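Under the working numbering, residues 203 to 501 are what the sequence shown spells out, in order.
Heads up, the beta-carbon is just placed ideally off N, CA and C, and yes, glycines get one too.
Since the model is a prediction, treat every value here as computed from it, not as a measurement.
Notes to accompany the following structure.
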Amino acid sequence: MRSIRLVLCLILLVVLASTAAAQKPLKIYISADMEGVAGAVTSEQLGPDGFEYERFREFMTAEVNAAIDAAREAGATEILVSDSHGNGQNLLLEELPDDVMVVRSWPRPLMMMEGIDPSFDAAIFIGYHTSTTNPRGVRAHTMSSANLTAVRLNGIPMPEAGLNAAIAGHFRVPVIMISGDDAIVDEARALLGPIEGAVVKRAISFHSARTLTPEAARTVIREKVKAAIGRLGDFKPYRLTTPITLEVSLKHYRPVELLGYLPMVERVDSHTIRFVGRDMVEVAKFLEFMLSYDVSEQP
């Protein structure tokens, strides 16, 4: 009789442990850009003035939904999405699940990672592109294709994926998956390690790619999100040694000269400034200020 009771107790403990594990919260952060969406190659898809922009808002939203659906199937219980392209108002809100929260528009202290905090288990990047210093990749740039020619953290050239992974890393959140062209998947893995990568197109040039169709791209994204969450324990946060040195090179002289007037900014040369931040939050706030401030801003 005692042995039967012992067996029953062990079975009960196993059941309770399994139930607790199944109910454990799993929070996923999704940062979504647009240049890396399947089919996107020029400004005609990427901004309100482009003749294909409205269609590509739908494609971007659908790729994010593919990531959300796959994350849910893999056990995600809470998801926050950052609309991180252009004006930050691209995703079609009515097509997203009702229980998903969305970060929109600018400015934001943590830029493309606004809302990330230590409670998240992982971050996923959808629709990303290569850095401004990378000779490969569709629409390669970092933060501003119009103004910046290089962004470095502690001397390391950064794509937006690197900047954003460092912000996530500040909160000890690992990046586990990225989608975009083959060039950004290669660049992100070289920087962050063997994260899952959904290649939805292959770069031919800055404005040309061999691309999957939207539905085929969503299938790949679903597969890679599930694979990433399935091996969640394999990933480590991308953390930089502090204090963090940010160097930014700009195309034009005047903003570099004016930024050099600030006591916390060093003008390195005619096109480059240097800022040293205590951590990635401070660096992110400085970058957002630098790229967004305009004395004529209203209200």
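Using the beta-carbon count (16 or more within 10 Å), is Val217 buried or exposed? At Val217, the pLDDT of 46 sits below 50, so the modelled position is not reliable; the number obtained from the coordinates is stated separately. Its Cβ having fewer than 16 others within 10 Å, Val217 is exposed.
Proximity below 9 Å, CB of Phe477 to CB of Leu448: In contact: Phe477 and Leu448 (Cβ atoms closer than 9 Å).
Judging by CA-CA distance, which residue of Ala342, Gly435, Leu350 is the nearest neighbour of Glu389? Ala342
Stretch-stretch touch, CB-based, cutoff 8 Å, three pairs: the region 298 to 305 with the region 242 to 254: no
Going by C-alpha to C-alpha distance, which of Gly371, Glu297, Thr335, Asp496 sits closest to Ala325? Gly371
Using a Cβ-Cβ cutoff of less than 6 Å, which residues in the same chain neighbour Lys438 once the five nearest sequence positions on both sides are dropped? Pro376, listed in sequence order.
With DSSP collapsed to three states, give me the class of Pro439. Residue state, collapsed to three classes: coil.
What three-state label does DSSP hand Tyr231 in the structure shown? strand
Please report how far the alpha carbon of Thr535 lies from the alpha carbon of Glu316, in whole angstroms. Since the first and last residues shown for the chain are 203 and 501, residue 535 lies out of range.
Which runs of the beta strand (DSSP E), 3 residues or longer, sit entirely within the region 286 to 329? 303 to 305
Looking only at C-alpha atoms, which of Leu312, Ser381, Pro501 sits nearest to His331? Ser381
Would you mind listing the alpha helix (DSSP H) stretches within the region 363 to 398 that are 4+ residues and don't spill past its ends, in chain order? 384 to 394
Can you name the residues that DSSP bridges to Leu355? Ile358, Leu448
Give the secondary structure of Val239 by DSSP, where H, G and I count as helix, E and B as strand, and everything else as coil. coil
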